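Reviewing the structure listed below.
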Amino acid sequence: MLDAPPPPATLWQRLEGDARAFAAQNPTRFWAIRLAIILMLDALIMLGGFVLSRLILSDLTMPQTLHEPWFTALFIGANLTALFAIGTYRHSWRFVSIGDALPLAVSLLVSSWLIWMITAGLLVPQKMYRGPMTVFLTVDVPLTVVALLAARVARRAFFQRVRAARLRRSVRARRRILLLGELDWARVMADLVPTDAHSGLEIVGVISFDGHDRRLHVGGLPILGSPDMLPRIVADLDRAGKRPVSLVVQESSERLDRQQILRIAALAEQENLVVSRFRNPWTSAQPPNGDRMAIEKMPLAELLGRPEITVQHSYLERVVTGARIMVTGAGGTIGGELVRQLAHYAPAEIVLLDHSEYNLYAIEMEAREKFPHVRFHAELCSIRQRPALWQVFERRRPEIVFHAAALKHVPMVEANPCAGVHTNVLGTRNVADAVCEFEARAMIQVSTDKAVNPVGLMGATKRLGELYCQALDLIGSCDPDSPRFLTVRFGNVLGSSGSLIPLFQHQLATGKPLTVTHPDIERFFMTVQEAVLLILQSSARALETDSERGTIFVLDMGEPVKIVEIARRVIRMAGLRPEIDVPIKFIGLRPGEKLFEELFDTTEDKIESAIPGIFEAMPSPIPLEMLVEGFGQLARLIAAGDADELVRLTHEMVAASASSRWAEILRRLAAESSDTLFMMPRPAESSAALPSSQTHLPRDVA
């Protein structure tokens, strides 16, 4: 099928095109012609004001010179010269405002008095008529200023109407939007949006924060009320045939915090409106269609109603700058973001360790391109392979290890228990043992809220990884030079590979229903940037302040969010209607999945942390000897392929931590050792009295 021919150009469009072509070919001549036309129009306006003022003051005794044609021409010429001198004709007519009235009035008043004084004093000597001339200019100058501004405003309104008519005739469908923000901002948007013919946006009204200016207009747009009136506003616009599709929010207003955004988003969802914002032209690449004034969906992470984490860079700089860093699972979502953020603090080198060749290649290429001043070493190695991992540690000698490698998908680990335990339990043990063996300063383990009171195997494996690192951290209490083992726990990461949002987006793209396991299922959410900031912030502070050993750092993530609500938001962000355009299908809880996630185990005490936005969990760990023995049994069950016994033993080891008093015993021993150290008179005798380090583990656990 042949494409339909474009609509014929109007006479105005042809004239406009010819004018632009002439301006491009002859810019000097075009400017001269344009200036001549403007001067001619202004001269006619001044002539009209001069004549009208004489008619209004016809009963007043005026000097005869005012009725002479030559004086009228001289008067208008002097005024034009004055306007030219103050730069009026170097301003664009499109952006004239009331603020231009004062300089116009002052210049016209000065030039008018000056030309009259020259005329009455030199050209035609006569009485000055100061009183009548003052009255005349009091009438003439305001009339002229108003007329000059009105002509410019009329010109701008004419071209805006032409652009609006052209937009209505365009084949691109219009998207009606509501503005929510300060009136000054709405006024600017009312001027800017119509200037972009490609955007296809039509503003149908403004919502102010307080609604006090309801029924007034700003920039030609009606002020419709406050955010609380949104349902009624949308209903009224719907009846008028102007129902909006998006609510565009002013982000920079001091009167709009995250809690208000969350409340407004809830109201917008009820009306099937997409909460949007204008794309920042300074931070966004120019789209190929030239759509400068496009709106973008406000990210879901900004609607979670929780303040962002702030970073104290001084701690990170002291810990990371100049250090040798290793990131396991560097090709994953968390690992990759760790690499990016760590590289900003100029470490001596970063070792990228991953078992996926493509993921490792991708992160290495990206890192080398973005951070050419940092040395990167790509190591293709699985944390399951203890001998190979040992070789990497021996070759690179990392000082700080960020352990992000893991199998994280609940159904996948449930269906493959041997692989899950091998990676999440024994792999974590391998990394921790290497940290002890090669005397690294610290290991920071990435954990999950699924490790809290776990019901599935994935959560249980992560909990065992936590217990092992806690045990190593606690057993080093008697030796201040022993490595630190820190655990960071957080909820679901928005946008990570295989996570919720990409799944929903894929289902939308393929025209399938969005699948949710249960209508009441809730989860804690955070962005990948927040997750990595939590890891860096908590670990740096802990290492700098020598925090209490064995604690787990947990982000204060606010209230959990229902998955079904996120599904509805994703649908609306695509411009569609939940349950109408896109159905939501409930498929039931998957194996190993909990209805409600938790951030703290029943055996843990929740305590405030010195780090803003972060809590600490006091654990009840298992003795290291029991873990070493249990991990040996897990290794033998994996080798034998006994999945059922492997699952049973994993959960049994996790349950054993509930009755453990090992942490109390270790703390008491550490306190006694500190007291003994304090009482010793000489440093040499003090060092001899301390127990030897127990952080070097047996090598017989394969």
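Residue numbers for the sequence shown follow our numbering, so the first one is 453 and each next one is one higher. In this text, a Cβ means the ideal position worked out from N, Cα and C, and glycines have one as well. Everything numeric in this text was worked out from a predicted model, so none of it was measured.
Subject >> Straight-line Cα distance separating Val697 from Ser505 >> reply: 52 Å
Original post:
Is Lys822 helix, strand or coil when you go by DSSP?
Top reply: helix
Original post:
For the beta strand (DSSP E) that contains Gln922, what are its first and last residues?
Top reply: Counting along the chain, Gln922 falls outside any beta strand (DSSP E), though it belongs to the alpha helix (DSSP H) covering Leu909 to Ile927.
Original post:
Lys964: buried (16+ other C-beta within 10 angstroms of its C-beta) or exposed?
Top reply: exposed
Original post:
If we count the other Cβ atoms within 10 Å of its Cβ and call it buried at 16 or more, is Phe942 buried or exposed?
Top reply: buried
Subject >> Own chain, CB closer than 6 Å to Ala572, minus 5 neighbours either side, in chain order >> reply: Gln578 and Met580
Original post:
Around the C-beta of Leu1041, are 16 or more other C-beta atoms found within 10 angstroms, so that it is buried, or is it exposed?
Top reply: exposed
**OP:** Label Pro393 either buried or exposed according to how many other C-beta atoms from any shown protein chain fall within 10 Å of its C-beta, with 16 as the threshold for buried.
**Re:** Shown here, the chain extends from 453 to 1154; a query on residue 393 therefore has no answer.
Original post:
Which first and last residues belong to the alpha helix (DSSP H) in which Ser808 is found?
Top reply: Ser808 -> no alpha helix (DSSP H), and no H or E assigned at all.
**OP:** Report the three-state DSSP secondary structure of Arg1134 (helix, strand or coil).
**Re:** A caution first: Arg1134 carries a pLDDT of 39, below 50, which makes its placement in the model unreliable, though a value can still be read off. Looking at Arg1134 - three-state DSSP - the assignment turns out to be coil, as it is neither helix nor strand.
Original post:
What do you get for Leu574, buried or exposed, if any count of 16 or more other CB atoms within 10 angstroms of its CB means buried?
Top reply: exposed
Original post:
In whole angstroms, what is the alpha-carbon distance linking Arg1001 and Leu926?
Top reply: 6 Å
**OP:** Return helix, strand or coil for Val1034, following the three-state DSSP convention.
**Re:** strand
Original post:
Using 8 Å as the threshold, is the region 807-814 in touch with the region 841-852, meaning 3 or more CB pairs across them?
Top reply: no
Original post:
Counting along the chain, where does the alpha helix (DSSP H) carrying Thr540 start and finish?
Top reply: Segment: none, Thr540 is in no alpha helix (DSSP H) and carries neither H nor E.
Original post:
Could you give the residue range of the beta strand (DSSP E) that holds His829?
Top reply: Arg827 to Leu832
**OP:** Just the C-alpha distance for Met641 and Asp552, rounded to the nearest angstrom, thanks.
**Re:** 21 Å
Original post:
Leaving out five residues before and five after Gly781 in sequence, what residues of the same chain have Cβ atoms less than 7 Å from its Cβ?
Top reply: Gly787, Asp806, Ala856, Ala857 and Ala858
Subject >> Under 7 Å between C-beta atoms of Arg627 and Leu644 >> reply: no
Original post:
Which residues in the same chain as Arg466 place their Cβ atom closer than 7 Å to its Cβ, once the five residues preceding and following it in sequence are excluded?
Top reply: none
Original post:
What separation, rounded to the nearest whole angstrom, lies between the Cα atoms of Pro935 and Arg776?
Top reply: 15 Å
Subject >> Three-state secondary structure assigned by DSSP to Val576 >> reply: coil
Subject >> Proximal residues to Leu719 (C-beta, below 6 Å), its chain only, five neighbours per side dropped >> reply: Leu682
**OP:** Taking all protein chains shown into account, decide if Gly742 is buried (16 or more other Cβ within 10 angstroms of its Cβ) or exposed.
**Re:** Below a pLDDT of 50, predicted positions are generally treated as unreliable, and Gly742, at 46, falls in that range; no measurement from the model is reported.
Subject >> Residues near Ala992 in its chain [Cβ-Cβ closer than 6 Å; skip 5 each side] >> reply: Tyr767, Leu768 and Val771
**OP:** Could you tell me which of Glu801, Ile815, Ala795 and Ile802 sits nearest to Gly784, measuring between CA atoms?
**Re:** Ile815
**OP:** Starting from Met1070, trace the beta strand (DSSP E) both ways and give me its first and last residue.
**Re:** Ile1066 to Met1070
Subject >> Endpoints, the beta strand (DSSP E) within which Leu1005 is located >> reply: Before going further, note that residue 1005 is Phe rather than Leu in the sequence given. Phe1005 -> beta strand (DSSP E) spans Ile1004 to Leu1007.
Subject >> Nearest-angstrom beta carbon gap, Val779 and Ala798 [assumed within contact, 8 Å] >> reply: With 8 Å as the limit, Ala798 and Val779 do not qualify as a contact, their Cβ atoms being about 16 Å apart.
Original post:
Excluding the five sequence neighbours on either side, which residues of its own chain have a C-beta within less than 6 Å of the C-beta of Ala638, listed in chain order?
Top reply: Leu631, Val658 and Val670
Subject >> Sequence-distant residues of its chain with Cβ nearer than 6 Å to Leu1076 (five each side left out) >> reply: Ala923 and Ile927
Original post:
Taking Leu985 as the reference, which of Ile1066, Glu520, Val1022 and Ala961 has the closest Cα?
Top reply: Ile1066
Subject >> Element boundaries [alpha helix (DSSP H), containing Glu889] >> reply: Thr880 to Glu889
Subject >> Contact belief for Gly501 with Leu595 at Cβ below 8 Å, rounded distance in angstroms >> reply: 4 Å
**OP:** Measure how close the beta-carbons of Phe1083 and Ala1019 come, nearest whole angstrom, since I'm counting them as under 8 Å.
**Re:** About 40 Å separates the two Cβ atoms, so there is no contact after all.
Original post:
Measuring CB to CB, does Arg1227 end up less than 7 Å from His874?
Top reply: The chain is shown only over 453 to 1154; residue 1227 falls outside these bounds and no answer can be derived.
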